[in-house]
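Undergrad: Sharing a structure below in structure tokens format, with a few things to ask.
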Amino acid sequence: MTTTPSISGTELTHPQTQALLLKLTVLADDEIILAHRNGEWTGHAPILEEDIALANIAQDELGHAGLYLSLAQTLGGSDPDRVAFWRGPDDYRNTRLVELPKGDWAFTMVRQFLYDTAEALWLEAATRSTYAPLAEIAAKAVREEKFHVQHTALWVERLALGTPESERRTQAALTELWPYAAQLFQPVEGEAELTAAGILPDLNAVHARWTDLVTRHLVDKCGLTLPDAPTTQPGRDTHTEHLAPLLEEMQSVARQHPDAEVW
Amino acid sequence: MEDSTPSTVNLQPSTIWAALASVPDPEIPVVSITDMGMVRDVTVGDAGRVTVTFTPTFSGCPALHVIRESIEQAVRDLGVTDVEVRSTLTPPWTTDWIGDDARERLRQYGIAPPAPTGEGQLIQLDAEPTRCPRCGSLNVRMTASFGPTLCKRMYVCDTCREPFEGFKSV
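For the protein sequence lines, the chains are L and S, in the order given.
If you use my numbering, the first sequence closes out at 265, no skipped numbers anywhere.
If you use my numbering, the second sequence closes out at 175, no skipped numbers anywhere.
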């Protein structure tokens, strides 16, 4: 996690800096937690190619987290490794969507599809950020994300149109995950001001594009049924019981060897 | 190096570019980091300070620190003591920067070179066509959209029956 943007960028006001720090942290937290869940398939995926694919995807997501946290560091945030490995569940701001246990293959693929499409569309919009360092990160990450979208869109299609068993599992995964996915479009405190300044994408516009894209794929192409999403969702400070054990495992090596420099 | 006094060697950027052209890509050693287009800028300052700017291929590439160290060492091997290696994300790396000569070496190595990225939309669900690096057939199937490294995918050729790796077009 050492790559930093070369341009320090436009001047931000203090409230803008604080809001952007929070936004970068929530973006990174989603990437880190989902990468860990995907990493749990390593050695366990249904076929070798998919074992490799999910590890690749996880590696990309961690790369994106590294970009966000390195930028956060230039704005006064802590060292990226510190942020990843030394915060507990009360301080993580990931969505509940990404912390749910990996479930079966359909659950993992549907979640990844919902997440990747949201991430790709958000990044695509963020390439037009007036804050140059963020626009640079988005331009980099969106090129990687398009491969995730291609991959997971195909898997969801294959599972939904496969056998009655795979269709049943895919629909069950979508029914469970859909309400959680809405949480990806909750703004952080101060986000409206950053959006007004053109620093962050308009989250409502991204949400509308996402709903359109995933509806076309999941409903029109794959024949799945979208459940109703709840009108309100708890915030990113509310977690399920699944986050604490995930962090305990993910952070165990770093915490046992706090002085380690070479892994 | 027998003399480690502050750099009195005053090199031309072209000399440094030539040295960097011999630094192999850690994951695909038939091409160099300059073949890959990863080295974006080389400057020589007044006091002989050399600054090399490079860009990562993929943000999660685990070889970044190796590349950074290799760049620094290659410049030091020219007798330069003051070296700075910077990374940049802009413009983002693209496989379009891989030159024709390097594409041919990739093909001979058994890796299908990347297709041109084109000017199309970034968010699309269809992949680009790929040719078998051994027999040149377009009658190929992607067997895995991710491969042993972040920049490659797995294919099999239905004409010559050989499996092969192909570069993603990024």
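Using N, Cα and C, we set each Cβ at its ideal position, and we do this for glycine too.
From the DSSP output, which residues share a beta bridge with tyrosine 160 of chain S?
TA: Looking at the DSSP assignment, tyrosine 160 of chain S forms a beta bridge with S:Met147 and S:Phe169.
Undergrad: If you reduce the DSSP assignment to three classes, tell me which class threonine 58 of chain S lands in.
TA: Reduced to three states, the DSSP call for threonine 58 of chain S is strand.
Undergrad: As a quick exercise: from S:Arg108, S:Pro134 and S:Lys157, pick the residue whose alpha carbon is nearest that of leucine 143 of chain S.
TA: Answer by Cα proximity: S:Pro134.
Undergrad: Is leucine 64 of chain L close to chain S, meaning its C-beta is less than 8 Å from at least one C-beta of that chain?
TA: Cβ-Cβ to chain S under 8 Å: yes for leucine 64 of chain L.
Undergrad: Closer than 9 Å between beta carbons: that is the criterion. Which residues of the stretch 87 to 106 of chain S meet it against chain L?
TA: Within the stretch 87 to 106 of chain S, the qualifying residues are Arg91, Ser92, Thr93, Leu94, Thr95, Pro96, Pro97, Trp98 and Thr99.
Undergrad: Please list, in chain order, all residues of the same chain as proline 153 of chain S whose beta carbon is under 6 Å from its beta carbon, the five residues on each side excluded.
TA: Answer for proline 153 of chain S: no residue qualifies.
Undergrad: Along the alpha helix (DSSP H) that carries arginine 171 of chain L, what are the first and last residues, could you check?
TA: Run containing arginine 171 of chain L: 166 to 183, per the alpha helix (DSSP H) assignment.
Undergrad: Quick check: the Cα distance between glutamate 121 of chain L and alanine 174 of chain L, rounded to an integer number of angstroms?
TA: So the alpha carbons of these two residues sit roughly 23 Å apart.
Undergrad: For isoleucine 21 of chain S versus valine 80 of chain S, is the C-beta spacing smaller than 8 Å?
TA: Result yes, Cβ atoms of isoleucine 21 of chain S and valine 80 of chain S sit closer than 8 Å.
Undergrad: So is glycine 171 of chain S in contact with chain L if we call contact Cβ pairs under 8 Å?
TA: No, glycine 171 of chain S lies away from the interface with chain L (no Cβ there is under 8 Å from its Cβ).
Undergrad: Going by DSSP in three states, aspartate 92 of chain L sits in which element: helix, strand or coil?
TA: Aspartate 92 of chain L: coil per DSSP, three-state reduction.
Undergrad: Say whether the stretch 24 to 32 of chain L touches the stretch 90 to 98 of chain L, bearing in mind that this needs 3 or more beta-carbon pairs closer than 8 Å, one atom from each stretch.
TA: Yes, the stretch 24 to 32 of chain L touches the stretch 90 to 98 of chain L.
Undergrad: Apply the 10 Å Cβ neighbour rule to asparagine 206 of chain L and answer buried if 16 or more other Cβ atoms are within range, or exposed otherwise.
TA: By the neighbour-count rule (16 or more Cβ atoms within 10 Å), asparagine 206 of chain L is not buried but exposed.
Undergrad: Assess contact between the stretch 52 to 63 of chain L and the stretch 39 to 54 of chain S, defined as three or more Cβ pairs (one per stretch) separated by less than 8 Å. Is contact present?
TA: No: fewer than three Cβ pairs fall under 8 Å.
Undergrad: Which residues of chain L have a Cβ atom closer than 7 Å to the Cβ of valine 175 of chain S, listed in chain order?
TA: Per Cβ cutoff of 7 Å: Arg145.
Undergrad: Ignore the nearest five residues each way along the sequence and tell me which others in leucine 176 of chain L's own chain have a CB closer than 6 Å to its CB.
TA: Same-chain partners within the cutoff: Val112 and Leu226.
Undergrad: Three-state secondary structure (DSSP) at aspartate 82 of chain S?
TA: Coil, per DSSP.
Undergrad: Against asparagine 58 of chain L, what residues of chain S qualify as contacts under a CB-to-CB distance less than 7 Å, listed in chain order?
TA: Correct list: Phe151 and Leu155.
Undergrad: Name the chain S residues whose beta carbon is nearer than 7 Å to that of glutamate 138 of chain L?
TA: The answer, in chain order, is Leu94 and Thr95.
Undergrad: Given 8 Å as the limit, is there contact between the stretch 143 to 156 of chain L and the stretch 184 to 194 of chain L, that is, 3 or more CB pairs closer than that?
TA: Touching, no, given that fewer than three Cβ pairs across the two stretches are closer than 8 Å.
Undergrad: With 8 Å as the threshold, decide whether the Cβ of glycine 50 of chain S is near any Cβ in chain B.
TA: Structure shown: chain B not included; protein chains present are L and S.
Undergrad: According to the Cβ coordinates, are alanine 143 of chain L and serine 64 of chain S closer than 8 Å?
TA: For alanine 143 of chain L and serine 64 of chain S, yes; Cβs fall inside 8 Å.
Undergrad: Tell me whether isoleucine 116 of chain S sits in a helix, a strand or coil according to DSSP, three-state version.
TA: In the structure shown, isoleucine 116 of chain S sits in a strand (DSSP, three-state: E or B).
Undergrad: For aspartate 46 of chain S, which residues does DSSP report across the bridge?
TA: Its beta-bridge partners are S:Thr58.
Undergrad: List the endpoints of the continuous beta strand (DSSP E) containing valine 90 of chain S.
TA: 88 to 92 is the extent of the beta strand (DSSP E) around valine 90 of chain S.
Undergrad: Taking the alpha-carbon positions, what's the valine 158 of chain L to proline 103 of chain L distance?
TA: Approximately 18 Å between the Cα atoms of the pair.
Undergrad: Closer than 8 Å, CB to CB, is lysine 25 of chain L near chain S or not?
TA: Chain S contact via Cβ: absent.
Undergrad: Can a CB atom of chain S be found closer than 8 Å to the CB of glutamine 235 of chain L?
TA: No, glutamine 235 of chain L does not count as interfacial toward chain S.
Undergrad: How many angstroms separate the CA atom of methionine 43 of chain S from the CA atom of glutamate 13 of chain L?
TA: Those two C-alpha atoms are separated by around 29 Å.
Undergrad: For glutamine 75 of chain L, go through chain S and note every residue whose CB falls closer than 9 Å to its CB, in chain order.
TA: Within 9 Å Cβ-Cβ: nothing; glutamine 75 of chain L doesn't reach chain S, min ~14 Å.
Undergrad: Could you list the residues in the stretch 207 to 220 of chain L with a C-beta less than 9 Å from some C-beta on chain S, going in chain order?
TA: Hits within the stretch, in order: Leu215 and His219.
Undergrad: For glutamine 61 of chain L, return the contacting residues in chain S, with the cut-off set at a CB-CB distance below 9 Å.
TA: Simply Phe63, Gly65, Cys66, Pro67 and Leu155.
Undergrad: Can you tell me where the alpha helix (DSSP H) with proline 82 of chain L in it begins and where it stops?
TA: Element bounds for proline 82 of chain L: 82 to 87.
Undergrad: Are alanine 108 of chain L and leucine 179 of chain L closer than 8 Å when you measure CB to CB?
TA: No, the Cβ-Cβ distance between alanine 108 of chain L and leucine 179 of chain L is not below 8 Å.
Undergrad: If I'm right that leucine 215 of chain L touches valine 221 of chain L with Cβ under 8 Å, what's the distance once you round it to whole angstroms?
TA: The Cβ separation is near 11 Å, so there is no contact.
Undergrad: By how many angstroms is the C-alpha of threonine 58 of chain S removed from the C-alpha of histidine 153 of chain L?
TA: Approximately 33 Å, taken between the alpha carbons.
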